[in-house]
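**Q**
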Amino acid sequence: MKLLSVLVLALAATAGLYVTSDGASDGASREIATASDGHYSLYRVGGAERCLVERAGDAAQGRFHLVLEPGCGEVDERLALVRFGRDEGDGLLSFLSEDGSSVVEFAIADGIAYESVRPEAPIFQLLSEF
1479 MKLLSVLVLA LAATAGLYVT SDGASDGASR EIATASDGHY SLYRVGGAER
1529 CLVERAGDAA QGRFHLVLEP GCGEVDERLA LVRFGRDEGD GLLSFLSEDG
1579 SSVVEFAIAD GIAYESVRPE APIFQLLSEF
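The structure is reproduced here in structure tokens:
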């Protein structure tokens, strides 16, 4: 419950960044990317574990390298497969494996957060770190 309260407060405190965007999903996506400077916390909804994610640089084919801390497997074992990210340009952010297949897909949620849309369960939240 305490974690939920902290997440709600963090989202409320940063909601102003989303409100100032032009309302287009690509504008909101740009704000998310620049607000965090490439550092995120990933949570499994209903879980207490946190996984730190860092955007480490550009790669080929519109992808960028992602570095997930070693403890990400405690959040979900599939996260161990993640090597790259890709902004899909429509408000979706994909976490990709080495072969380019999607592991987790996120959509823009409130404020500067993403919420997973694939897989359907479990649900993950990706929050910007300041």
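By the count of this note's numbering, the sequence shown reaches residue 1608 at its end, each step adding exactly one.
Yeah, the Cβ is synthetic: ideal placement off N, Cα and C, and Gly gets one too.
These numbers come from a predicted model, not from an experiment.
1. If you draw a straight line from the alpha carbon of Gly-1551 to that of Ala-1558, how long is it in whole angstroms?
2. In whole angstroms, give me the CA-to-CA distance for Asp-1536 and Leu-1604.
3. What does the alpha-carbon distance come out to for the pair Leu-1570 and Ile-1586?
4. Got a sec? Which residues, its chain only, sit under 7 Å from Glu-1566 by beta carbon, not counting five neighbours each side?
5. Rank Val-1523, Gln-1539, Ser-1519 and Asp-1568 by C-alpha distance to the C-alpha of Val-1545 and give the top, closest one.
**A** Short version:
1. 6 Å
2. 20 Å
3. 7 Å
4. Ser-1572
5. Ser-1519
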